[in-house]
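Per the working numbering, the sequence shown runs over residues 22 to 137.
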Amino acid sequence: QAQFVESGGGLVQPGGSLRLSCLASGFTIRIFAMGWYRQAPGKERELVATIARPRSSSYPIYADSVKGRFTISREDAKNTVYLQMNNLKPEDTAIYYCNRVGYSNWGQGTQVTVSS
């Protein structure tokens, strides 16, 4: 059974940075496109960024709201996906989740709060 443990969230001031990690278990991420998603209070979960499988010619995809500020990466040997978030804004406040692209079994997520 696929499981995800997201970590690295916290409280940060506007303009600050955080690096999220997602440790997957129960499967190998090497054969999947992986993604980061977020859900803000009162809103639906939305896609933040995706990264293709290794040796794919596809580039990472980002939501317009995070382009140029967030970077998704993967370390298949550690079955881990990362999200580097720079120049954080209050509207980035949400619970952040990772998952295989196209799947809907979610972990607990990690809370990111951007506030002064």
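Glycine is no exception: its CB is placed at the ideal position from the N, C-alpha and C atoms.
query, result
"Rounded straight-line distance, which links the Cα of valine 135 to that of glutamate 112", "8 Å"
"Segments assigned alpha helix (DSSP H), at least 4 residues, entirely inside the segment 81 to 126", "none"
"Contact under 8 Å by Cβ, tyrosine 118 with valine 133", "no"
"DSSP-derived helix/strand/coil call for arginine 74", "coil"
"DSSP beta-bridge partners of valine 33", "Val135"
"Contacting residues, own chain, Cβ-Cβ under 7 Å from lysine 110 (five flanking each side not counted)", "Pro35, Val135"
"Arginine 59 (DSSP reduced to helix, strand or coil)", "strand"
"Distance, threonine 71 Cα to asparagine 100 Cα", "15 Å"
"The segment 83 to 98 touching the segment 54 to 74, judged by at least three CB pairs closer than 8 Å", "yes"
"Simplified DSSP assignment, three categories, for arginine 40", "strand"
"Extent of the continuous beta strand (DSSP E) to which glutamate 65 belongs", "Taken as a continuous stretch (DSSP letters only), glutamate 65 belongs to no beta strand (DSSP E), as it is neither H nor E."
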